[in-house]
Amino acid sequence: MARRKWNYETIGQVLTDENPFTQVGYTPKNIQRKIGDVWTDVKGITWEQRKGYRSRVNKQVDCIRELIKQKCSGCKKDINLFGTRYDEKFFPKTGMCYDCNIDNHTKLMVSGKFKEYEQKVIWSNQRSYLRDVKQHLEESILLLPTDTKVEQIASNGVITTWEGAQTKLFLESARADLEKVTKGIEELDAALEKLN
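Read in order, the letters of the sequence shown are residues 78 to 273 in this note's numbering.
1. For the alpha helix (DSSP H) holding glutamine 137, just list the boundary residues, first then last.
2. Using 10 angstroms around the beta-carbon of cysteine 140, count the other beta-carbons present and answer buried if the total reaches 16, otherwise exposed.
3. Tell me which residue opens and which closes the beta strand (DSSP E) that glutamate 228 is part of.
4. So, helix, strand or coil for lysine 153, using DSSP?
5. List the DSSP bridge partners of serine 132.
6. Which residues bound the alpha helix (DSSP H) around isoleucine 199?
7. What are the boundary residues of the alpha helix (DSSP H) that includes valine 187?
8. Would you give the residue range spanned by the alpha helix (DSSP H) that threonine 104 belongs to?
9. Between asparagine 178 and the rest of its own chain, which residues show a CB-CB distance below 6 angstroms, the 5 nearest in sequence each way excluded?
10. Quick one: is cysteine 174 buried, meaning 16 or more other Cβ sit within 10 Å of its Cβ, or exposed?
11. Which of helix, strand or coil does DSSP assign to lysine 120?
12. What distance in whole Å lies between the Cβ atoms of glutamine 126 and lysine 136, which are believed to be in contact at a cut-off of 8 angstroms?
13. Using 8 angstroms as the limit for Cβ to Cβ distance, is glutamine 212 near chain B?
14. My guess is that alanine 251 and isoleucine 230 are in contact by the Cβ rule of under 8 angstroms, so how many angstroms apart are they, rounded?
15. Could you tell me the alpha carbon to alpha carbon distance between lysine 186 and serine 150, rounded to whole angstroms?
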């Protein structure tokens, strides 16, 4: 293998930062972008310069992000960015941050309406629970033909099986429970209308 012979002239040029060799290549323009600049590249993708990085601009994703932001209905604070652990627990239940919830409860107590508010919340929770139970009962009645076996596995592992006449009794019991639940939902709806 032949080696390049270095002569004193070439070594001198390298030491003085002169380039004795010829190079061929392409160097793209280095464009300096400022924060907030928006541009479209060759492929048609829109970009935005942020502080220290580039971000792809997508209007649909931005709209979705804006819609799912958790903002307090009282103070309009963004729960994801500025919320505490209390805010994260209170927001899904009330739609407000912890501080606004406390302010709201205080105002209700001062005005004498807290008992009504408390009763309304309790009845709303009960109605929601009864609606879930009603849905499960309706599914059980629809999915259970009268001539099949029904097996129930208890938490201790005991399997209880109903067949034939017992299945009919199970269906009758489920229908009776459905009537009770429906009546309970109607009573709670009427009570909640009176509060409103």
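All C-beta atoms in this analysis are idealised placements derived from N, C-alpha and C, irrespective of residue type, glycine included.
Taking the geometry as given:
1. 136-145
2. exposed
3. 227-230
4. coil
5. Glu125
6. 191-220
7. 175-188
8. Run containing threonine 104: none; DSSP gives neither H nor E here.
9. Phe167, Thr171
10. buried
11. coil
12. Their Cβ separation, rounded to whole angstroms, is 18 angstroms, which puts lysine 136 and glutamine 126 out of contact at 8 angstroms.
13. Here there is only one protein chain, and chain B is not present.
14. About 18 angstroms separates the two Cβ atoms, so there is no contact after all.
15. Contrary to the premise, residue 186 reads as methionine rather than lysine in this sequence. Taking the straight line joining both Cα atoms gives about 20 angstroms.
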